[in-house]
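Going by the UniProt record's numbering, the sequence shown opens with residue 1, and the numbers climb by one from there. Positions of the beta carbon are idealized from the N, C-alpha and C atoms, including for glycine. Because the structure is a prediction, the values reported are computed rather than measured. These notes are about the structure you will find just below.
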Amino acid sequence: MVQYPLLPHGRLESCFNFAGQKNVVVPKVSLIFSGAAVVDLNVPNGIMLDGCLAFAMSGPDGTPGFLGNVNQRTFEVMFDTSRRKVGFRANACSCAVTCNQRIIAI
1 MVQYPLLPHG
11 RLESCFNFAG
21 QKNVVVPKVS
31 LIFSGAAVVD
41 LNVPNGIMLD
51 GCLAFAMSGP
61 DGTPGFLGNV
71 NQRTFEVMFD
81 TSRRKVGFRA
91 NACSCAVTCN
101 QRIIAI
């Protein structure tokens, strides 16, 4: 991402400026959770480019991070509240309910 300038630091950790760029190359972005679950985000289903690409960390005070609806477009998100686990299934839009899934601890 070194080929793109950073926008001024605001609420977002790093915001890469794509203004005036005709061909934007975004590296593979993966969210890695405890419990070994990995959610690979991609363009256009998991990453939205609107003039910049931005990331934000969870706060040191324990403020939780979030996955927005753009990140979840092709995933089925399963919640097991009794076991305090959440699971992700990629390509759920075209996948039968019996697909393999990975459940992770929150």
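What residue from the options has the CA that sits closest to residue i's CA?
i, options, result
"V29", "V77, V38, N23, K22", "V38"
"K85", "T63, S34, L41", "S34"
"V91", "D61, R83, S82, L41", "Residue identity differs from the one stated: residue 91 is Asn in this sequence, not Val. Cα-wise, what sits closest to N91 is L41."
"F75", "G87, V25, D61, N23", "G87"
In chain order, what residues of the same chain have a beta carbon less than 8 Å from the beta carbon of residue i, not counting five sequence neighbours either side?
i, result
"G20", "none"
"P27", "M1"
Just grab the DSSP bridge partners of residue i for me.
i, result
"V29", "L41"
"L6", "F16"
Between which residues of its own chain and residue i is the CB-CB distance below 6 Å, once the five residues before and five after are set aside?
i, result
"I32", "V38"
Going by beta carbon distance, what residues of the same chain come within less than 7 Å of residue i, once the five residues before and after it are set aside?
i, result
"V77", "V86, F88"
"F79", "V86"
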